[in-house]
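Residue numbers 13 to 308, in the numbering used here, belong to the letters of the sequence shown in order. Just so it is clear, CB atoms sit at the ideal spot from N, CA and C, and this is done for glycine as well.
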Amino acid sequence: MQNVSAFSNDEKEIVLDSNGDETNTTIDEINAIIDLQNEAFVEENFSSVKEYENQLNSLGVQTVTGSELAKIIGEDQVGGIAKVKGATMKTVYSKYTTGGKTYDVMRVLATPTTSSNLYKTGVTALKSNTSAQAKTFSVLKTIGKTVAGESKAGKAISAYDFIKSVASDISSTTTVTSISSSYTWNTAETCSFVYFKSPSGLWVHSASYTKASCTATVVVPTLKYGANGAKTAHRIATYTSTFTPAYYDSTSKAYAGYKGSTYISQRIKSVNITGVSGKTVKNVVLTCPYNTTMVN
Numbered sequence: 013m014q015n016v017s018a019f020s021n022d023e024k025e026i027v028l029d030s031n032g033d034e035t036n037t038t039i040d041e042i043n044a045i046i047d048l049q050n051e052a053f054v055e056e057n058f059s060s061v062k063e064y065e066n067q068l069n070s071l072g073v074q075t076v077t078g079s080e081l082a083k084i085i086g087e088d089q090v091g092g093i094a095k096v097k098g099a100t101m102k103t104v105y106s107k108y109t110t111g112g113k114t115y116d117v118m119r120v121l122a123t124p125t126t127s128s129n130l131y132k133t134g135v136t137a138l139k140s141n142t143s144a145q146a147k148t149f150s151v152l153k154t155i156g157k158t159v160a161g162e163s164k165a166g167k168a169i170s171a172y173d174f175i176k177s178v179a180s181d182i183s184s185t186t187t188v189t190s191i192s193s194s195y196t197w198n199t200a201e202t203c204s205f206v207y208f209k210s211p212s213g214l215w216v217h218s219a220s221y222t223k224a225s226c227t228a229t230v231v232v233p234t235l236k237y238g239a240n241g242a243k244t245a246h247r248i249a250t251y252t253s254t255f256t257p258a259y260y261d262s263t264s265k266a267y268a269g270y271k272g273s274t275y276i277s278q279r280i281k282s283v284n285i286t287g288v289s290g291k292t293v294k295n296v297v298l299t300c301p302y303n304t305t306m307v308n
């Protein structure tokens, strides 16, 4: 994970707790917990999701309603052209110092719920009768794509990786002759909108960031391998990845946007999931909101 709290010598950021007091927590630490929470969410481990929520609350992350947020940043800045519905909204406050000056910073987070379109799920069945060596026969590949077109690698699982734990006689060069498979996939987005408080007291939106977690449970009831596909094996396995764009949640970049009146955006726009022999499981197009007017 990128160290977004890595500042130059004259920069520092102090996260505030729910009472407005300074803490030793960093934005990196908060984002690391959010990653774990998102991964637990897509894995449907909701008891862990709750535990991570409690950790975040103890570090100063506060859940807010849409009306509460509107009072903070303005009525016209919340849900006006809502693209995201059913998200949980949260705030994180900090003090950012650079060039000898200190600024008030607020992050507005939009996190997924099972009823939100920040969360997407589906099931896909695939079959392949293409013969290939186990090490080159693809079973699963996940890739995140940023708005700027950059690819973020996730999982790349070959038939050998997938089946070797239950088929001791298979090697990386063994020929796999066919696979039947099904994929249950979930994706979840988290959004961070960064605001700086202006001298007039208004909160100015200067940067938007989104990232996504993806899990795929692969069920293979039949994998044939060896001479003429004489041997069979089966397995179920789950794989999870988080896709994070460059400079995710960077305060330095957001500050540059605030001072330069230039909007900063680093967002994941899609997650591509492929299965056996590279066949498409799903290209998940994410909601990818760019400001809080798109969240309700």
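Original post:
With residue 96 and residue 303 assumed to form a contact (beta carbons below 8 Å), what rounded beta-carbon distance in angstroms separates them?
Top reply: Here the question's residue 96 lines up with position 84 in the sequence shown. Here the question's residue 303 lines up with position 291 in the sequence shown. 11 Å between Cβ atoms; not a contact.
**OP:** Look up residue 181 in the DSSP assignment and say whether it is helix, strand or coil.
**Re:** For the purposes of this step, residue 181 is taken as residue 169 along the sequence shown, with counting starting at 1. Note: residue 181 maps to coil in three-state DSSP.
Subject >> Residues of its chain near residue 74, where Cβ-Cβ distance is below 8 Å and the 5 sequence neighbours each way are ignored >> reply: Here residue 74 corresponds to residue number 62 of the sequence shown, with the count starting at 1. So the qualifying residues of the chain are 30, 102, 103 and 104.
Original post:
Between the C-alpha atoms of residue 161 and residue 295, what's the straight-line distance to the nearest angstrom?
Top reply: Taking the first residue of the sequence shown as position 1, residue 161 is located at position 149. Taking the first residue of the sequence shown as position 1, residue 295 is located at position 283. Their backbone Cα atoms lie some 15 Å apart in a straight line.
**OP:** Whole angstroms is fine: what's the gap from residue 257's alpha carbon to residue 166's?
**Re:** Translated into positions along the sequence shown, residue 257 becomes position 245. Translated into positions along the sequence shown, residue 166 becomes position 154. Approximately 12 Å between the Cα atoms of the pair.
Original post:
Can you name, in chain order, every residue of its own chain whose Cβ lies under 8 Å from the Cβ of residue 51, other than the five neighbours on each side?
Top reply: Residue mapping note: residue 51 aligns to position 39 of the sequence shown, counting from 1. Hits under 8 Å: 225, 227, 252 and 254.
Original post:
So does the stretch 209–223 actually touch the stretch 235–242, counting three or more Cβ pairs closer than 8 Å?
Top reply: By the Cβ rule, the stretch 209–223 does not count as touching the stretch 235–242, because fewer than three pairs are nearer than 8 Å.
**OP:** Using a threshold of 8 Å, state whether the C-beta atoms of residue 146 and residue 184 are closer than that.
**Re:** Locating residue 146 in the sequence shown gives position 134, where the first residue counts as 1. Locating residue 184 in the sequence shown gives position 172, where the first residue counts as 1. Cβ distance < 8 Å, so residue 146 and residue 184 count as in contact.
Original post:
Under 8 Å between C-beta atoms, does residue 98 make it to chain B?
Top reply: Of the protein chains in this structure there is only one, and it is not chain B.
Subject >> the stretch 258–267 contacting the stretch 124–132, beta-carbon criterion three pairs below 8 Å >> reply: no
Original post:
Are the beta-carbon atoms of residue 42 and residue 68 separated by less than 8 Å?
Top reply: In the sequence shown, residue 42 corresponds to position 30, counting from 1. In the sequence shown, residue 68 corresponds to position 56, counting from 1. Cβ distance < 8 Å, so residue 42 and residue 68 count as in contact.
Subject >> Uninterrupted alpha helix (DSSP H) stretches inside the stretch 196–284 (no shorter than 4 residues) >> reply: 263–272
**OP:** From the DSSP output, in three-state form, read off residue 297 for me.
**Re:** What you label residue 297 is simply residue 285 of the sequence shown in a count that begins at 1. Of the three classes helix, strand and coil, the one that applies to residue 297 here is strand, per DSSP.
Subject >> DSSP three-state assignment for residue 131, whether helix, strand or coil >> reply: Translated into the one-based positions of the sequence shown, residue 131 becomes position 119. The answer is strand: DSSP assigns residue 131 an E or B state.
**OP:** Provide the residue(s) that pair with residue 153 in DSSP beta bridges, ordered along the chain.
**Re:** Here the question's residue 153 lines up with position 141 in the sequence shown. Paired residues: 168 and 286.
Subject >> Contacting residues, own chain, Cβ-Cβ under 7 Å from residue 215 (five flanking each side not counted) >> reply: Within the sequence shown, numbered from 1, the residue matching residue 215 stands at position 203. Hits under 7 Å: 84, 85, 118, 207 and 209.
Subject >> Distance, residue 279 Cα to residue 163 Cα >> reply: Along the sequence shown, one-based indexing puts residue 163 at 151. Along the sequence shown, one-based indexing puts residue 279 at 267. Taking the straight line from one Cα to the other gives about 12 Å.
Original post:
Just how far apart, CA to CA, sit residue 61 and residue 48?
Top reply: By 1-based counting over the sequence shown, the position of residue 61 is 49. By 1-based counting over the sequence shown, the position of residue 48 is 36. Cα to Cα, the separation comes out at about 8 Å.
**OP:** Could you have a look at residue 142 and say whether DSSP puts it in helix, strand or coil?
**Re:** To locate residue 142, count along the sequence shown from 1; it is residue 130. DSSP places residue 142 in coil when its eight states are reduced to three.
**OP:** Pick helix, strand or coil for residue 15, following the three-state DSSP scheme.
**Re:** Locating residue 15 in the sequence shown gives position 3, where the first residue counts as 1. Confidence in residue 15 is poor, its pLDDT being 38 and thus under 50, which makes the residue's placement unreliable; the coordinate value appears in the next sentence. In the structure shown, residue 15 sits in coil (DSSP, three-state: anything other than H, G, I, E or B).
Subject >> Closest residue to residue 22 among 111, 136 and 299 (Cα-Cα distance) >> reply: For this step, residue 22 is matched to residue 10 along the sequence shown. For the set 111, 136 and 299, the Cα lying nearest the Cα of residue 22 is the one of 111.
Subject >> Alpha-carbon spacing of residue 37 relative to residue 138, whole angstroms >> reply: Position 25 of the sequence shown, counted from the first residue, corresponds to residue 37. Position 126 of the sequence shown, counted from the first residue, corresponds to residue 138. Just so you know, the alpha carbons of residue 37 and residue 138 end up roughly 46 Å apart.
Subject >> 8 Å CB neighbourhood of residue 196 in its chain, flanking five on each side removed >> reply: Residue 196 sits at position 184 when you count from the first residue of the sequence shown. Cβ within range, chain order: 133, 134, 135, 228, 229 and 231.
Original post:
residue 125 by DSSP, collapsed to three states: which one?
Top reply: Position 113 of the sequence shown holds residue 125. Residue state, collapsed to three classes: coil.
**OP:** Please work out which residues of its chain come closer than 6 Å, Cβ to Cβ, to residue 169, disregarding the five sequence neighbours upstream and downstream, and give them in chain order.
**Re:** To locate residue 169, count along the sequence shown from 1; it is residue 157. If we look at residue 169 and ignore the five residues flanking it on each side, its Cβ neighbours are 151 and 152.
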